[in-house]
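Below you'll find the structure, written out as structure tokens, and then a few comments.
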Ligand SMILES: NC(=O)c1ccc[n+]([C@@H]2O[C@H](COP(=O)([O-])OP(=O)(O)OC[C@H]3O[C@@H](n4cnc5c(N)ncnc54)[C@H](OP(=O)(O)O)[C@@H]3O)[C@@H](O)[C@H]2O)c1
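In full-length UniProt numbering, the protein residues as written are 1 to 356.
Following this line, the structure appears as structure tokens:
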């Protein structure tokens, strides 16, 4: 079965739900059967998944994922959005707006989906993701991409420093414990475009100011937001099961992707090039990385949430900690995902900043 295959082979069939995990092996109507009937996709193993629901598809990474899924032409895409959201979606997307506090809405929105992609704004209450995970199990959704899209959740040393990272484990565990869906976590490290535009890499494009941590020479792996979208469309276009690469290779695992690796010094040089400025036009200061991280911890302790940035980005600039995906295999090649050109990306970002 080739990528982009039609629904001809996507026969629907009746199976049991997960009211008891063991029920799944009981025939319909047999004495021990207590499950409800649900419909899920039956695909041959050489096909790719077809029906994809994206939560938060109006957001930054969700929007990029939606765009790439639609551009691939391989999928039926549903956007699930909050009842009171003002988000709008392209006409070729099925839209399901409803009350996230209603388990019935969540389950019905997920019926027949092969994949649930979760993206949430940072301040979303944690139970929202858990409720989606439970509903996906009830609806029999085989695959979930939980709200990761960041640093390496399989790096315990990094999770000790970046508390937010450790908190994401809960959702992966919930998926595994329910025993219906499998998770695939997208690890892209910090978003390059988002971070450079926001000044989080210590480089203020408009202000022509830079703060360089240590000597600015640590090379960090990083990914643009559109590249995350492309990676997910490629991943979900793999056959579910066949000779490698296939989607099942990543069952309950992380997928590591990148646009490129870059140092703070390289970023500054690329920004100077894209803005047509010289080092003389810039105010550049230096700070020990550990001091910057400590300042962040102190800010956070005083209730200043922005202190989190110093810790998050500091852990990434720390050699041997969050700078690279230590010992992990990059999936770029298997996904046919080319690295990006630093200068081109920076030029695009500079244009966006200067257009403001
Ligand atoms: N690697 C990095 O550098 C990096 C940076 C930032 C974030 N991230 C990760 O990526 C995730 C997504 O970030 P993002 O910037 O794409 O998110 P976002 O654009 O801020 O929000 C995504 C969507 O969440 C929905 N939403 C907003 N408030 C909500 C609420 N209270 N309850 C439920 N849904 C709500 C909205 O969709 P509707 O209006 O359609 O409901 C919104 O479009 C973050 O949670 C974080 O884990 C990574």
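Note that beta-carbon positions come from the ideal geometry of N, C-alpha and C, so glycine has one too.
Query                                                                                                                                                                                                                              : Result
Measuring straight from C-alpha to C-alpha, what distance separates residue 356 and residue 174?                                                                                                                                   : 42 Å
Between the Cα of residue 410 and the Cα atoms of 104, 77, 206, which residue gives the shortest distance?                                                                                                                         : A question about residue 410 goes unanswered here, because the residues of the chain that appear run from 1 up to 356.
By the three-class DSSP mapping on this structure, what secondary structure does residue 313 have?                                                                                                                                 : helix
Provide the residue span of the beta strand (DSSP E) that contains residue 85, from first to last.                                                                                                                                 : Where residue 85 is concerned, there is no enclosing beta strand (DSSP E), given that its DSSP letter is neither H nor E.
To the nearest whole angstrom, what separates the beta carbons of residue 141 and residue 49, a pair I think is in contact under 8 Å?                                                                                              : The pair is not a contact, with the Cβ atoms about 10 Å apart (cut-off 8 Å).
State buried or exposed for residue 164, treating a residue as buried only when at least 16 other CB atoms are found within 10 Å of its CB.                                                                                        : exposed
Closer than 8 Å by C-beta to residue 259: which residues in its own chain qualify, once you throw out the five before and the five after it? Chain order, please.                                                                  : 192, 222, 223, 224, 227, 339, 340, 345
What's the gap between the Cα of residue 103 and the Cα of residue 86?                                                                                                                                                             : 22 Å
With DSSP as the reference, please indicate the residues paired to residue 210 in a beta bridge.                                                                                                                                   : 203, 284
Can you list, in chain order, the residues of its chain with a C-beta nearer than 6 Å to that of residue 31? Leave out the 5 residues immediately preceding and following it.                                                      : Residue placement at residue 31 is poorly supported in this model, since its pLDDT is 42, which falls under 50; the coordinates are not used for a value here.
For a test of the three-state rule: what should DSSP assign to residue 355, helix, strand or coil?                                                                                                                                 : coil
For a test of the three-state rule: what should DSSP assign to residue 98, helix, strand or coil?                                                                                                                                  : strand
Could you name each continuous alpha helix (DSSP H) segment of 4 residues or more that falls completely within the UniProt domain "Semialdehyde dehydrogenase NAD-binding" (51-162), going from the start of the chain to the end? : 60-72, 103-110, 126-139, 156-161
Express the C-alpha separation of residue 283 and residue 310 in angstroms, rounding to a whole number.                                                                                                                            : 20 Å
Starting from residue 275, follow the alpha helix (DSSP H) in both directions and report where the run begins and ends.                                                                                                            : 264-275
Could you give the C-beta distance for residue 357 and residue 96, rounded to a whole number, given that I count them as a contact under 8 Å?                                                                                      : No information on residue 357 is available, as it lies outside the stretch 1 to 356 that the chain covers here.
Please indicate yes or no: does the CB of residue 256 lie closer than 7 Å to some heavy atom of ligand 1?                                                                                                                          : no
List the residues that DSSP assigns as beta-bridge partners of residue 256.                                                                                                                                                        : 187, 330
Using three-state DSSP, classify residue 49 as helix, strand or coil.                                                                                                                                                              : coil
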